[in-house]
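Undergrad:
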Amino acid sequence: MTTPTTQQVTDADGAAGADLREQVLLDRDGLVAIAAGWLARGGRVVGPVTGRAVAARAPLGPRTPRVRFAPVTDPELLVLDGFVHATNSAKPLVMPMTEKLYGYRREGRSVELTPGDPPPAPTLLIGARPCDAAAFPILDKVMRWDGADPGYERRREALTVVTLACTAWDEHCFCTSVGLGPAATRGSDLLLTPDAAGGWRARVLTDRGARLTAAASGEPAPAVPSDPVPSDPVPDDAGLAPSGPPVRVDVAAATRAMRASFDQPAWAEAGRQCTGCGACTYTCPTCHCFDIADEAHGLQGARRRNWDSCQFASFTAHASGHNPRPDQASRQRQRLRHKFVTYPDLFQDLLCTGCGNCYRACPANLGVLQVLRALAVGSPSGPDDGLDDGPDDGSADGSVATGDAAEVRA
Ligand code: SF4
Ligand code: SF4
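Residue numbers (numbering that gives the first Met the number 0): 0 to 409.
This is the structure in structure tokens:
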């Protein structure tokens with residue numbers, strides 16, 4: 000490991016923007032040193048990995064590496080460039096797939112309650128994409144809506160997010176259709192944008208981000224972030240990265256169609272394709288439906304919160320046998336309307352960051368993007384087909400970013 004490279008640089012906007020507190024130059028070794036320091040202080044580091052250490056550091060070939068978010072004990076294994084998007088989401092860092100709320104033990108007529116899952120170690124997510132990071136403030140709105148959720152709050156407070164701006168995208172990405180972009184800052188503590196020297200400009204967005212860069216400079220940094228999680232976005236990308244994938248769907252037109260009529264031909268078509276596997280919801284950074292189940296083992300057991308999916312028939316099955324959403328068409332309608340009608344009505348926000356994971360993970364080649372496009376075609380707004388006619392998949396230099404999606408589905 001070499002000495003971290005940091006250098007204060009002057010931003011063109013100076014101190015004019017409240018979010019532009021400072022920028023720091025970082026190289027890979029500097030970032031690895033930040034992660035190593037975090038681990039040394041007892042924290043947890045999570046980031047994109049391939050599972051193959053050699054491939055993680057190898058020069059990029061024509062195909063982008065397939066990565067997934069996972070905890071690392073060796074930060075050298077982190078894949079910090081070249082990939083488009085992780086195959087999973089970072090959502091489990093705040094909403095684990097299964098969570099023990101509390102346990103119980105019966106003895107005679109008395110019942111003793113035992114603690115649930117312990118609080119998480121301070122967690123550094125390093126290598127999120129902007130569409131991953133933006134999901135956290137979106138989840139905050141519903142998880143902080145009508146009551147305190149102590150488990151969620153503990154995990155959220157423990158989380159620091161370092162985001163890598165995108166320089167390539169695939170045909171599934173549509174962040175620019177939902178108001179984000181390859182260097183969107185929402186939900187990040189530190190945003191890294193590649194510089195010409197092969198490192199990154201680190202844009203400090205929160206006090207947590209400032210402490211990370213201080214640590215890279217050799218200054219002491221607290222092990223546990225103590226400042227409140229910023230409640231919401233810093234909205235723009237300040238032109239620090241390429242413009243991103245073309246706008247691929249007219250979300251406003253698709254939403255108008257959903258509001259105009261509960262029945263749309265798009266539901267039947269999507270329902271015919273969908274197998275109800277739930278992969279789209281499980282890999283989605285913003286889907287948050289859960290079930291609470293009691294697991295009993297003799298005289299003891301646990302109450303657990305588990306991920307659920309609106310694409311499962313059992314999600315709405317009544318004890319009587321009646322199911323108000325009896326087919327995949329009605330379940331697809333539920334998913335799309337929740338993300339683009341109900342959630343915006345409640346929180347003035349979309350429940351989608353355009354990450355494309357629902358499409359990458361789908362065994363039926365179906366994703367929110369395709370359904371939105373079908374809805375936009377039938378929009379009462381007129382002839383707009385909702386499709387972008389501009390250049391398709393590309394990277395900053397205009398080369399085609401291929402392979403990731405095919406590799407994911409292979
Ligand atoms: S991943 Fe595809 S097939 Fe599976 S539930 Fe989602 S849309 Fe249906
Ligand atoms: S609905 Fe699809 S594109 Fe939108 S955030 Fe979820 S996985 Fe990503």
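Where a beta carbon is used, it is the ideal one built from N, C-alpha and C, also for glycine.
Could you pull out every residue in the same chain whose Cβ sits closer than 7 Å to the Cβ of S308, ignoring the five residues on either side in sequence?
TA: Result list for S308: G277, T280, Y281, C288 and F314, in chain order.
Undergrad: Skipping 5 residues on each side, what residues in its chain have a beta carbon closer than 6 Å to that of G102?
TA: Hits under 6 Å: T113 and A301.
Undergrad: Between W199, T97, L179 and P343, which lies nearest to T254 when the distance is taken from Cα to Cα?
TA: Minimum Cα distance to T254 is reached at P343.
Undergrad: With DSSP collapsed to three states, give me the class of N305.
TA: Reduced to three states, the DSSP call for N305 is strand.
Undergrad: Of the choices L365, W306, P362 and Q299, whose alpha-carbon is the least far from that of S109?
TA: Closest option to S109, Cα to Cα, is Q299.
Undergrad: What is the residue span of the beta strand (DSSP E) that V23 lies within?
TA: Q22 to L25 is the extent of the beta strand (DSSP E) around V23.
Undergrad: For W199, does the three-state DSSP call read helix, strand or coil?
TA: The answer is strand: DSSP assigns W199 an E or B state.
Undergrad: Taking 7 Å as the cut-off, is the C-beta of K338 nearer than that to any heavy atom in ligand 2?
TA: Because some heavy atom of ligand 2 lies under 7 Å away, the Cβ of K338 counts as near it: yes.
Undergrad: Comparing C-alpha positions only, which one of P244, G107 and L179 sits nearest to C351?
TA: When each option's Cα is compared against that of C351, the closest is L179.
Undergrad: Use the C-beta contact count for H171: other C-beta atoms within 10 angstroms, 16 or more gives buried, fewer gives exposed.
TA: Looking at its Cβ environment, which holds 16 or more other Cβ atoms inside 10 Å, H171 is buried.
Undergrad: Which residues in the same chain as A157 place their Cβ atom closer than 6 Å to its Cβ, once the five residues preceding and following it in sequence are excluded?
TA: Here the set comprises P119, P121 and T122.
Undergrad: Please confirm if the stretch 132-148 is in contact with the stretch 310-324, defined as three or more CB-CB distances below 8 Å between the two stretches.
TA: Verdict: no, contact absent.
Undergrad: Could you tell me which of R185, P284 and G198 sits nearest to T205, measuring between CA atoms?
TA: Per the Cα distances, R185.
Undergrad: If we count Cβ pairs, one from each stretch, closer than 8 Å, do we get three or more for the stretch 188-201 versus the stretch 62-75?
TA: In short, these stretches do not touch, since the Cβ pair count stays below three.
Undergrad: Verify the contact flag: C283, CB atom, against every heavy atom of ligand 1, threshold strictly below 7 Å.
TA: No, the beta carbon of C283 sits no closer than 7 Å to any heavy atom of ligand 1.
Undergrad: Is D139 helix, strand or coil when you go by DSSP?
TA: D139 falls in the helix class under three-state DSSP.
Undergrad: Straight-line CA distance for T63 to T166?
TA: Each residue's alpha carbon lies about 12 Å from the other.
Undergrad: Using a Cβ-Cβ cutoff of less than 6 Å, which residues in the same chain neighbour G366 once the five nearest sequence positions on both sides are dropped?
TA: Within the same chain, G366 has close Cβ partners C357 and Y358.
Undergrad: With burial defined as no fewer than 16 other Cβ atoms inside 10 Å of the residue's Cβ, what is the status of S225: buried or exposed?
TA: Here S225 scores only 41 on pLDDT, less than 50, and its place in the model is too uncertain to base an answer on.
Undergrad: On a CA-only basis, which of A34, R27, D26 and D28 is nearest R210? Give me that one, please.
TA: Checked all of A34, R27, D26 and D28; the closest Cα to R210 is A34.
Undergrad: For N364, is the beta carbon positioned less than 7 Å from some heavy atom of ligand 2?
TA: The answer is no for N364.
Undergrad: Here's the rule: buried if 16 or more other CB atoms are within 10 angstroms of the residue's CB, otherwise exposed. What is V345?
TA: For the sequence presented, residue 345 should be read as Leu rather than Val. Exposed, by the Cβ-count rule.
Undergrad: Tell me the residue span of the beta strand (DSSP E) that contains G126.
TA: Where G126 is concerned, the enclosing beta strand (DSSP E) stretches over T122 to A127.
Undergrad: Are there 16 or more other CB atoms within 10 angstroms of the CB of T341, so buried, or fewer, so exposed?
TA: Answer is exposed; the Cβ neighbour count stays below 16.
Undergrad: Please classify A54: does DSSP put it in a helix, a strand, or coil?
TA: The predicted model places A54 with a pLDDT of 42, which falls under 50 and marks its position as unreliable, so this point remains unresolved.
Undergrad: If you drop the 5 nearest sequence neighbours on each side, which residues of the same chain put their C-beta closer than 7 Å to that of N87?
TA: So the list reads R67, F68 and T282, once near-sequence residues are dropped.
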